[in-house]
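Read through the structure below, which is laid out as C-alpha cells, and then see the notes.
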Amino acid sequence: MHQHKSLWQFDSFANLNLPWQEAYPALAKWLNAQQEVDLEDADQVDEIINVQPSLAQFFHWPQTFLATIQARRDASQPPAYLAAGVKGRKWSQIEAFAARTPVVDRYLEWCAGKGHLGKYLAFQGNKQVASIEWQKSLCDAGQQKAQQLSLKQHFHCADVLTNPSIEPLETAECVVALHACGDLHRVLLEQVSRLNTPHICIAPCCYHLTRAEEYHPLSRLASQAKLSLRKADLKLAVKQIATANAREQRLQKQELTYRLGFDLWQRHVRQTDQYLAVPSIQKALLSQGFVGFCQWAAEQKQLTHLIVQQPFEAFQHLAEQRYHAMQKQQAISQWFRPALEYWLVLDRAIFLQEQGYQVDIGAFCDGSLTPRNWMIRATLATSFS
Numbered sequence: 001m002h003q004h005k006s007l008w009q010f011d012s013f014a015n016l017n018l019p020w021q022e023a024y025p026a027l028a029k030w031l032n033a034q035q036e037v038d039l040e041d042a043d044q045v046d047e048i049i050n051v052q053p054s055l056a057q058f059f060h061w062p063q064t065f066l067a068t069i070q071a072r073r074d075a076s077q078p079p080a081y082l083a084a085g086v087k088g089r090k091w092s093q094i095e096a097f098a099a100r101t102p103v104v105d106r107y108l109e110w111c112a113g114k115g116h117l118g119k120y121l122a123f124q125g126n127k128q129v130a131s132i133e134w135q136k137s138l139c140d141a142g143q144q145k146a147q148q149l150s151l152k153q154h155f156h157c158a159d160v161l162t163n164p165s166i167e168p169l170e171t172a173e174c175v176v177a178l179h180a181c182g183d184l185h186r187v188l189l190e191q192v193s194r195l196n197t198p199h200i201c202i203a204p205c206c207y208h209l210t211r212a213e214e215y216h217p218l219s220r221l222a223s224q225a226k227l228s229l230r231k232a233d234l235k236l237a238v239k240q241i242a243t244a245n246a247r248e249q250r251l252q253k254q255e256l257t258y259r260l261g262f263d264l265w266q267r268h269v270r271q272t273d274q275y276l277a278v279p280s281i282q283k284a285l286l287s288q289g290f291v292g293f294c295q296w297a298a299e300q301k302q303l304t305h306l307i308v309q310q311p312f313e314a315f316q317h318l319a320e321q322r323y324h325a326m327q328k329q330q331a332i333s334q335w336f337r338p339a340l341e342y343w344l345v346l347d348r349a350i351f352l353q354e355q356g357y358q359v360d361i362g363a364f365c366d367g368s369l370t371p372r373n374w375m376i377r378a379t380l381a382t383s384f385s
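Each step along the sequence shown adds one to the number in the working numbering, with nothing skipped, and position 331 is 331.
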C-alpha cells in the first residue's frame with residue numbers, strides 16, 4: 001500500500017491528468033490506450049500485471065481474506081411480522097449479523113436507528129436489549145414497536161459523540177453495532193475496551209465520517225506503520241456502488257459528469273488550475289440538464305457574472321470525455337480499495353487484541369447484501385476462564 005500510494009492517494013477532481021504518470025510511465029501508456037478498464041476481466045488483469053508486476057498482490061487475495069465468520073447461534077426463523085417495515089436486503093443483513101453474535105442475556109445496540117437489529121436479538125430467546133440512538137423520533141418509533149411486540153427492548157436517546165459514557169453500556173454483556181459510521185464505532189471501541197465489555201460484534205462503515213482530517217490509528221501496531229491516511233483517503237475504502245440499482249448508477253454518473261463539466265468551466269473563466277468544491281445537491285436538480293446544473297453551481301459560488309463571457313454549452317462534451325478519463329484513473333485506485341479497507345479493519349481488530357480480547361474477523365454475509373460485510377467479533381480473554 002505505502003509503496004504504491006501515488007496510484008491511489010490523490011484527489012480525482014483536483015487532477016486533470018494522471019497524477020502518477022511519471023512514476024509509472026508503462027502503466028500510464030497502457031491505461032491511456034484502453035477504451036475501458038474492467039477489473040472483472042481476467043485477461044485485462046493479467047495484462048496489467050505484465051505491465052506492472054509489483055501490482056500482482058492486489059489481484060490475488062488469499063482465501064482467508066474472503067472467509068465467512070461461522071454462525072455461533074441457532075437463529076430460528078422469526079415470524080414475518082417482525083420484519084415489517086424493513087427492506088428485504090437490510091433484514092437479510094440483520095439476520096446474518098445476528099446469527100453470528102454470541103448468546104447472552106443482555107445486549108446493547110449501538111447507533112440503533114429504529115432498533116431493528118435489537119428487535120431481532122430481543123425476540124431470539126426473550127433477551128434484554130438496550131438500544132442507543134441520538135434521534136428522538138427514531139427512539140420513539142422503535143420503543144412503540146418494541147412495546148407492540150412485547151419485547152424487552154428499551155431505547156435510550158443519547159449523543160454518543162458528546163457523551164459516550166452511557167449507563168446501559170456498563171452492564172451490557174454483548175455490544176452490537178451494524179454499520180455504525182466513522183467516529184461512532186471508534187468511540188464505541190474505546191468505551192467497551194475501557195469497560196471490559198465481555199463481547200463485541202461490529203460491522204464498521206464509512207471510515208471517513210470523522211472529525212479529524214488525518215487518520216489516527218487505534219492500535220499501537222498500526223501507529224508504527226509507514227502508511228499515513230487523510231480523511232479523503234478513507235473514502236476509497238468504501239467507494240463502491242455494487243448495491244446501487246440502475247437508476248442510482250445513472251444519476252451518479254450524470255451528477256459526476258455535470259460536476260466535472262462545471263469544474264472545467266470554472267477553471268477556464270477564473271483562469272486557475274484549482275478545483276472549486278460545489279455543495280451537495282438534490283437529485284431533482286439533475287433534471288434541469290447540464291446547463292441548469294452549471295447555472296445553479298455558478299450561483300452557489302458567485303460566478304454568474306462570468307457566464308456571458310463563456311457559456312456552459314461548450315463544456316458538456318469535454319465533461320463526458322473527462323468522465324471517461326477519470327473512470328479509468330479511479331479504476332487503478334480501486335485495485336487498492338479492498339487492501340485499504342482490510343487495513344482499517346485490522347487496525348480495529350488489533351486494537352481490541354491489544355486490550356485483552358480474543359478477536360476474529362471475516363465476512364458476516366455475502367457482498368451482494370452489502371459491500372460493508374466485514375465483521376469484527378471479540379471476546380474478552382477473561383470470559384474464557
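In this text, a Cβ means the ideal position worked out from N, Cα and C, and glycines have one as well.
Would you mind listing the alpha helix (DSSP H) stretches within the region 61-148 that are 4+ residues and don't spill past its ends, in chain order? 88-98, 116-123, 136-148
Locate the beta strand (DSSP E) running through A363, then write down its first and last residues. 357-363
Can you round the beta-carbon distance between S137 and G118 to whole angstroms, since I take them to be within the 8 Å contact cut? Rounded, the Cβ-Cβ distance is 17 Å, inconsistent with contact.
Based on DSSP bridge pairs, tell me the residues matched to R377. C201, D360
Buried or exposed: which applies to E299, given that a residue is buried once 16 or more other Cβ atoms fall within 10 Å of its Cβ? exposed
Can you give the Cα-Cα distance for P371 and W265, rounded to whole angstroms? 35 Å
Three or more C-beta pairs below 8 Å linking the region 345-356 and the region 188-196: yes
Simplified DSSP assignment, three categories, for A177: strand
Where C157 falls: helix, strand or coil (DSSP): strand
Can you round the beta-carbon distance between L340 and A237 to whole angstroms, since I take them to be within the 8 Å contact cut? 5 Å
Flag this pair as yes or no: are the beta carbons of C181 and Y107 separated by less than 7 Å? no
For S12 and P19, what's the separation of their Cα atoms in angstroms? 9 Å
Between A42, F58, P279, V45, which has its C-alpha nearest H2's C-alpha? F58
Taking the CB atoms as reference points, tell me whether R348 and L218 lie closer together than 7 Å. yes
Local Cβ density within 10 Å of N32, reported as buried at 16 or more and exposed below that: exposed
Just list the residues that DSSP pairs R230 with in beta bridges. E214
Should G115 and G142 be called a contact, given that it needs their Cβ atoms to be closer than 7 Å? yes
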